[in-house]
Structures are given as C-alpha cells and as structure tokens.
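Q: Structure in structure tokens, see below.
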Amino acid sequence: MASDGRTEFKYEQTPIFNKMTGKQSILFENPPFIIAESSVAGKKEGEGPLGAYFDEIVEDGYFGGTSWEEAESKFLNRAAKLVIKKANLKNSDIRYLIGGDLLGQLISTSFGVTDLEIPLLGVFGACSTMGEAMIIGSTLVDGDYADKTIAITSSHFASAEKQFRFPLGYGNQRAPSASWTVTGSGAVIIAKDSPPNRKVKIRIKGATIGKIVDYGIKDNSNMGASMAPAATNTISQNLKDLNVQPGYYDKIITGDLGHVGSDILIDLLKQEGYDISSNHMDCGIEIFDKDTQDTHAGGSGCACSAITFTSYVLKKMKEKEWKRVLFCPTGSLQSKVSFNEGQSMPGIAHAVIVEAE
Amino acid sequence: MMSNKAVSAADVAMEKDQKLREYKYNQYVKDKTPTASIGVNVLNAFWVGGSICTLGQFLTNMFMKYGASEQLAASYTILSLIFLSALFTGLNVYGKITNFAGAGTVVPITGFANSVAACAIEYKKEGQVFGIGCQIFTIAGPVILYGTVSSWILGVIYYILKTIGVV
Chain A
1 MASDGRTEFK YEQTPIFNKM TGKQSILFEN PPFIIAESSV AGKKEGEGPL GAYFDEIVED
61 GYFGGTSWEE AESKFLNRAA KLVIKKANLK NSDIRYLIGG DLLGQLISTS FGVTDLEIPL
121 LGVFGACSTM GEAMIIGSTL VDGDYADKTI AITSSHFASA EKQFRFPLGY GNQRAPSASW
181 TVTGSGAVII AKDSPPNRKV KIRIKGATIG KIVDYGIKDN SNMGASMAPA ATNTISQNLK
241 DLNVQPGYYD KIITGDLGHV GSDILIDLLK QEGYDISSNH MDCGIEIFDK DTQDTHAGGS
301 GCACSAITFT SYVLKKMKEK EWKRVLFCPT GSLQSKVSFN EGQSMPGIAH AVIVEAE
Chain B
358 MMSNKAVSAA DVAMEKDQKL REYKYNQYVK DKTPTASIGV NVLNAFWVGG SICTLGQFLT
418 NMFMKYGASE QLAASYTILS LIFLSALFTG LNVYGKITNF AGAGTVVPIT GFANSVAACA
478 IEYKKEGQVF GIGCQIFTIA GPVILYGTVS SWILGVIYYI LKTIGVV
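Quick note, the sequences are listed as chains A and B, same order.
Going by the numbering used here, the first sequence opens with residue 1, and the numbers climb by one from there.
Going by the numbering used here, the second sequence opens with residue 358, and the numbers climb by one from there.
Listed below in structure tokens is the structure:
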C-alpha cells in the first residue's frame, strides 16, 4: 500500500491482468487468433532458402502488368485474395483491412485492394509495417471493434530501387552492407474466434509499440545499422514490460537487420543485460543465401518480414517447434528527400508476441 | 575529439550526450561494417575498363582503315560505344557487368550512356514528357551541368592566360 492509502500499482508483478503493460506494451484480454496466412514471393525469393515454404512464387517481375508499381499492387492483391480463400471466407467477412507498403502515398496498397471492397486503414512504418498492421488489427479485434481483420504488406525490389536509389538498368556497385529489397506480399487474418477443428491455434498475445530511435546513421546503404538501436530499444522494453528474460521466447525474430544490423543488435542488447545470441533470428538473413544470391547484408523491405513470418515462422509454430516468438519487424524511416538533405535515418521497430497453443 | 581506439557497444550505450553518442555509434558501426575488397575491385575495374578502351581503339583503327580521318574515326568510335552501351542496358546486361567491374564500366563513355538509357527505360511508363522528358538526365544531369560549368571556367582561365601572353 502506498502512503496515500491507495494500492500501489506494480505492473511487473501482475503483467497479465493489465491490457496496458509496462511503458509501451499491450497484453490482450482475449488474445486474437491468426486463422490464416498467405505468402506470395518473387522469383529470387523463391530460389532462396525459404522457397519451399511460400504459398506462391511469381516468376514474372511485372506480374503480368506494365510497371513495377502495378506489379507490387498485384502481389498485394494476390496475397489478400489468397488469405481469404485459405480461411474459407468471403471478402465481406473481413471487417477491416490494415495494410501499407514502401511506395509514396501507399500506392501499392491502395491500388492493390480496390477490388476487394474491404474498409481500409493504410499504415506506414517502412519495413516494420507488418508489425504495425498486426498490432492495429489485433487491437481492433480484442477491443470488439472487429471480428476479423487482415494485416497485409508488400514490397518490390524494382519499385523500391526506383523510388529510393536508381533505375533498375543503371549500373552501380552495391556496398557490402547494402540489403536487397524482397519482392512479395504477406497477409494474415486476425480473428476473434478460431475454427474449432484446428489442432494448433496461433494467438497474438500482446505487443510492444516501438518509438523512433535515431543514432545518427546517414549511410543509406547500411540500413541494418540505422535500425539496430530501434530494435534494441523495443526488444529490451518488451522484456522489461513483461518482466521476463530473453529465454521466455523460443525465438526473437527481427525483420530486416541483416548481417551487420543483427551483430549490432546482439551487442547493444548485451549492454542492456540481455543475451539473445542463442535465440535470435533475422528474416533478412534467412530469406536469401548471401553466398549464392549476391544479396550482401540480406533481405529488406516490408515483405521481407511479412513473407518470412507467414511462411517459415508460422509453419514452425504450427509444428510446435516454436511455441512463443517475439516477431519484431524493423523499419528505417528515411525518404529520398530527407536523405538528399543530409538528414539521418531514424529507425523504428514494433514487437508482436505470438504463441502456439 | 576522440582517440583512434575502437569504440565498443558499451561506449555507445553509456554515452548520454546525444551528439557524442551519434559520433561514437557511427565509429562503432564503421568497425562492424564489412568493406569491399579494394584489391579485387581495382583489378576487375582495370581489366574490364581496359578492355572497353581497347575495343574503342580497335574501332578507331578500323574506321581509319576504311578511310575516315582521325577526328571522324574518333566520333564514330564514340557513337559506336554509346550505341553498344544503350543496347546492353536494354538487354539488362550492362548493370550486371558494372556490378562486377565497378568504375571500369562507369568511367568510360559507356557508363554515361548507361545512365541515360536506364532512366529512359525506367521512366517511359510515366509518359513522354513527364517521364522520359523530365527524368532522362536524372543521373547524367550533374555530369552535363558541371561539365559545362567547368569547361566555361577553364575557357575563362585560358582566355586570361592568352591575353597576358603565357600561352
């Protein structure tokens, strides 16, 4: 009891009884279920180590369209339709769709979902968008404002190169720390109830919403280094808010830190007193084989974490190889204008607690 | 401000001053980030760049053999190299060669042609005016602008030197 007679609130002792947990975290009262997931990947991703896990691989970089932007919309459209089909639902069963991408004004998402006629919330968190969309989608479901939502995101190598760097045909050498934008789209359906026949149910237990962390990195070919401090901040805050150690999770999965950023993350978290070297995994490292695919630091882009999560990670969880993971997509928030004007690259990371039961 | 010794993660984590922390983090990241192996890159740039120049010389000799003057042969050579570069850009080959050879393919006139052709192809979708018209020199623009400005400055210097009788 505090001196003024009221009960002193100590979230550390009773995390599960509070929807608002610690400083930045959420624990859901009725954790929503992930009832279906889809992953549509490009050719290079299909040739990578995770190729066998994807639902669909699209060989044509244009996806039958005429521009890279149109192609990316088609990837997103395909992933949305596929996830609805896999859940045996109709478009009208989905209450809201929460999605975003890397392109200016979210054109990939808005053109990609037009024919679905599902109410849309467009979100931007650079490559952390999947985490942001899943947090909003599950919060709406747990709050009874929706029974089913879709969280979706996409990215495309060529449209990202065109927007952030150079036209595709322009010859230039990429730095060893540069990453390769993943082409594809991943989606999940987040629902209040799970179909009863499921052997393993996947639930979103909670989340930690990250803040912008900027350690002054200005080199846009080293995005891993710009995002690693943000990932450090979000992961350590999650562990503090829940009062747990890294071993609480079977895997701590970052989005696209790549080889350089992952090293830095493990190093920085050690300074906070957490050792995640044994259970850390990075989607950017997993999705490509850097020796044979010439992808340097690894994969990046919204789809990097999204399609790795909706294929490889959820499969491992359905097999109960991993029972609890912290899925932490990471984003580097610069634009071409801010970069040219000499600004640094602020990072952000959102963490989602996913459990199999 | 700082000595040259390696900055550790602990140094970064313990630094409270934001500006100093940014400085230390950048130093720390520099140590952590792999660098391209200069030796191999220089070697590849040398032999690929050299091959392009040899091809250029071969073309010049050939045009002269067929009766062109030296100046005309040089113009034909430049035209031919630009054509080949644009062709290989369209065939999606030039970028791959550059990924291997770096400056060896960027420095010769073929690199300049590649930067123009790549923009023309990429922005064609945005229309003849706002696409190709406005954006064809997105990469080559600085070379054209500053090339013109520096040749103008050199021209002024040459004029002054000539007036005072040095050259």
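Beta carbons are placed, not taken as given, at the ideal position from N, Cα and C, and that holds for glycine.
1. Using CA atoms only, rank isn't needed, just tell me which of A:Ile57, A:Pro167, A:Phe28, A:Leu103 is closest to Thr446 (chain B).
2. On the DSSP letters alone, give me the boundaries of the alpha helix (DSSP H) that Glu372 (chain B) sits inside.
3. Count the other C-beta atoms from every protein chain shown that fall within 10 angstroms of the C-beta of Ser426 (chain B), then say buried if there are 16 or more, exposed otherwise.
4. Would you say Gln334 (chain A) faces chain E, with C-beta separation under 8 Å as the test?
5. Answer with buried or exposed for Ile118 (chain A), where buried requires no fewer than 16 other C-beta atoms within 10 angstroms of its C-beta.
6. Kindly list the residues whose CB is nearer than 8 Å to the CB of Asn401 (chain B), restricted to its own chain and excluding five residues on each side of it in sequence; keep chain order.
7. Buried or exposed for Ser25 (chain A), going by 16 or more other Cβ atoms inside 10 Å?
8. Evaluate Asp4 (chain A) with the Cβ neighbour count: other Cβ atoms within 10 Å of its Cβ, from every protein chain shown; 16 or more gives buried, anything less gives exposed.
9. Give the interface partners of Cys410 (chain B) over in chain A, defined as CB-CB distance under 9 Å, in chain order.
10. Is DSSP giving Lys251 (chain A) helix, strand or coil here?
11. Report the partner residues of Met409 (chain A) according to the DSSP bridge assignment.
12. So, with DSSP's three-state summary, where would you put Pro15 (chain A)?
13. Taking a Cβ distance cut-off of 9 Å, strictly less, list which residues of the segment 444-455 of chain B are near chain A, in chain order.
14. On a Cα-Cα basis, can you pick out the residue from A:Ala87, A:Ser278, A:Val83 that is closest to Asn197 (chain A)?
15. Here's a check: name, in chain order, each residue in its chain whose Cβ is nearer than 7 Å to the Cβ of Gly65 (chain A), leaving out the five neighbours to either side.
16. Report, in whole angstroms, the separation of the C-beta atoms of Thr183 (chain A) and His156 (chain A), which I expect to be a contact under 8 Å.
17. Helix, strand or coil for Ser154 (chain A) per DSSP?
18. Identify every run of the beta strand (DSSP E) within the segment 158-236 of chain A, keeping only runs that are complete inside it and at least 3 residues long; order them along the chain.
19. From which residue to which residue does the alpha helix (DSSP H) around Cys410 (chain B) run?
20. Between A:Cys302, A:Thr308, A:Pro32, A:Ala151, which lies nearest to Ile357 (chain A) when the distance is taken from Cα to Cα?
21. With a threshold of 8 Å between beta carbons, is Tyr62 (chain A) in contact with chain B?
22. Suppose you measure from the CA of Ala297 (chain A) to the CA of Lys323 (chain A); what does that come to, to the nearest Å?
23. Do the CB positions of Ala151 (chain A) and Ile98 (chain A) come within less than 8 Å of each other?
24. Do three or more CB pairs link the segment 334-352 of chain A to the segment 218-230 of chain A at distances below 8 Å?
25. Check for me: the beta strand (DSSP E) holding Ala458 (chain B) runs from which residue to which?
26. Give me whichever residues DSSP pairs with Ile353 (chain A) in a beta bridge.
27. By a C-beta neighbour count over all protein chains shown, 10 Å radius and 16 as the cutoff for buried, is Tyr274 (chain A) buried or exposed?
28. From the DSSP output, in three-state form, read off Glu56 (chain A) for me.
29. Among A:Glu355, A:Ile353, A:Pro346, which residue has its Cα nearest to the Cα of Cys127 (chain A)?
30. Please check if any C-beta of chain A sits within less than 8 Å of the C-beta of Tyr382 (chain B).
31. Please determine, among B:Ile496, B:Thr390, B:Asn418, the residue with the shortest C-alpha to C-alpha distance to Arg165 (chain A).
32. Closer than 7 Å: is that where the CB of Leu265 (chain A) sits relative to any heavy atom of the ligand NAD?
33. Rounded to whole angstroms, what is the Cα-Cα separation between Phe63 (chain A) and Gln163 (chain A)?
34. Whole beta strand (DSSP E) runs in the segment 89-146 of chain A with 3 or more residues, listed along the chain?
35. Just the Cα atoms here: how many angstroms apart are Ile266 (chain A) and Thr330 (chain A)?
36. Any idea if Leu106 (chain A) is buried or exposed, counting beta-carbon neighbours within 10 angstroms, 16 or more meaning buried?
A: The answer reads as follows:
1. Start at 1 with the first residue of the second sequence, and residue 446 (chain B) comes out as number 89. When each option's Cα is compared against that of Thr446 (chain B), the closest is A:Pro167.
2. By one-based count along the second sequence, residue 372 (chain B) stands at place 15. If you look at Glu372 (chain B), you'll find it isn't in any alpha helix (DSSP H); DSSP assigns it neither H nor E.
3. Working through the second sequence from its first residue, we reach residue 426 (chain B) at position 69. So Ser426 (chain B) ends up on the exposed side.
4. Considering every chain present, this structure includes no chain E. Its protein chains are A and B.
5. Against the first sequence, residue 118 (chain A) aligns to sequence position 118. With 16 or more Cβ atoms within 10 Å of its Cβ, Ile118 (chain A) is classed as buried.
6. Against the second sequence, residue 401 (chain B) aligns to sequence position 44. Taken in chain order, the residues that qualify are Phe457, Ala458, Gly459, Gly461.
7. Taking the first residue of the first sequence as position 1, residue 25 (chain A) is located at position 25. Buried is the call here.
8. As a position in the first sequence, residue 4 (chain A) is number 4, starting the count at 1. Low confidence applies here, because Asp4 (chain A) scores a pLDDT of 49, under 50, leaving its location unreliable; read the following figure in that light. Exposed, because fewer than 16 other Cβ atoms sit within 10 Å of the Cβ of Asp4 (chain A).
9. For the purposes of this step, residue 410 (chain B) is identified with residue 53 of the second sequence, where counting begins at 1. Neighbours of Cys410 (chain B) on chain A: none; closest Cβ ~17 Å, over 9 Å.
10. Position 251 of the first sequence, counted from the start, is the residue given in the question as residue 251 (chain A). Strand.
11. Past the boundaries of the shown model lies residue 409 (chain A); chain A is included only from 1 to 357, so the question cannot be answered.
12. Residue numbering aside, residue 15 (chain A) sits at position 15 when the first sequence is read from its first letter. Annotation note: pLDDT 48 at Pro15 (chain A) (below 50); position unreliable, no value reported.
13. The residues in question are Thr446, Gly447, Asn449, Tyr451, Gly452, Lys453, Ile454, Thr455.
14. Taking the first sequence and counting its residues from 1, one reaches residue 197 (chain A) at position 197. Ranking A:Ala87, A:Ser278, A:Val83 by Cα distance to Asn197 (chain A) puts A:Ala87 first.
15. Position 65 of the first sequence, counting from 1, holds the residue named residue 65 (chain A). Contacts found: Ala71, Lys74.
16. Counting from one through the first sequence, the residue named residue 183 (chain A) turns up at place 183. Counting from one through the first sequence, the residue named residue 156 (chain A) turns up at place 156. That belief holds up - the Cβ atoms of Thr183 (chain A) and His156 (chain A) are roughly 5 Å apart, short of 8 Å.
17. Walking along the first sequence from the start, residue 154 (chain A) turns up at place 154. Strand, per DSSP.
18. 184-191, 202-208
19. Indexing the second sequence from 1 puts residue 410 (chain B) at position 53. For Cys410 (chain B), the enclosing alpha helix (DSSP H) starts and ends at 395-422.
20. Numbered from its first residue, the first sequence carries residue 357 (chain A) at position 357. According to the sequence shown, residue 357 (chain A) is Glu rather than Ile. Glu357 (chain A) has its Cα closest to that of A:Pro32, out of A:Cys302, A:Thr308, A:Pro32, A:Ala151.
21. Translated into the one-based positions of the first sequence, residue 62 (chain A) becomes position 62. Answer no: the Cβ-Cβ gap between Tyr62 (chain A) and chain B never drops below 8 Å.
22. Along the first sequence, read from residue 1 onward, the residue named residue 297 (chain A) stands at position 297. Along the first sequence, read from residue 1 onward, the residue named residue 323 (chain A) stands at position 323. Between Ala297 (chain A) and Lys323 (chain A), the C-alpha separation is close to 29 Å.
23. Reading the first sequence from its first residue, position 151 is the one you call residue 151 (chain A). Reading the first sequence from its first residue, position 98 is the one you call residue 98 (chain A). Contact flag set, yes.
24. Contact between the segment 334-352 of chain A and the segment 218-230 of chain A is present: three or more C-beta pairs spanning the two stretches fall below 8 Å.
25. Taking the second sequence and counting its residues from 1, one reaches residue 458 (chain B) at position 101. Where Ala458 (chain B) is concerned, there is no enclosing beta strand (DSSP E), although the alpha helix (DSSP H) it sits in stretches over 451-458.
26. Stepping through the first sequence from its first residue, residue 353 (chain A) is reached at position 353. According to DSSP, which records beta bridges pairwise, Ile353 (chain A) is partnered with A:Gly206, A:Leu326.
27. Position 274 of the first sequence, counted from the first residue, corresponds to residue 274 (chain A). Of the other Cβ atoms in all chains shown, 16 or more fall within 10 Å of the Cβ of Tyr274 (chain A); this residue is therefore buried.
28. Indexing the first sequence from 1 puts residue 56 (chain A) at position 56. Three-state result, Glu56 (chain A): strand.
29. Residue 127 (chain A) sits at position 127 when you count from the first residue of the first sequence. Among A:Glu355, A:Ile353, A:Pro346, the Cα nearest to that of Cys127 (chain A) belongs to A:Pro346.
30. Counted from its first residue, the second sequence places residue 382 (chain B) at position 25. Yes, its Cβ sits closer than 8 Å to a Cβ of chain A.
31. Along the first sequence, one-based indexing puts residue 165 (chain A) at 165. Comparing Cα-Cα distances from Arg165 (chain A) to each of B:Ile496, B:Thr390, B:Asn418, the minimum goes to B:Ile496.
32. The ligand NAD is absent from the structure shown, which contains no ligand whatsoever.
33. Counting from 1 along the first sequence, the entry for residue 63 (chain A) is found at position 63. Counting from 1 along the first sequence, the entry for residue 163 (chain A) is found at position 163. Computed Cα separation, rounded: 19 Å.
34. 96-100, 120-122
35. Your numbering for residue 266 (chain A) matches position 266 in the first sequence. Your numbering for residue 330 (chain A) matches position 330 in the first sequence. For Ile266 (chain A) and Thr330 (chain A), the distance between alpha carbons rounds to 15 Å.
36. Taking the first residue of the first sequence as 1, we reach residue 106 (chain A) at position 106. Counting Cβ neighbours within 10 Å, Leu106 (chain A) comes out buried, since at least 16 surround it.
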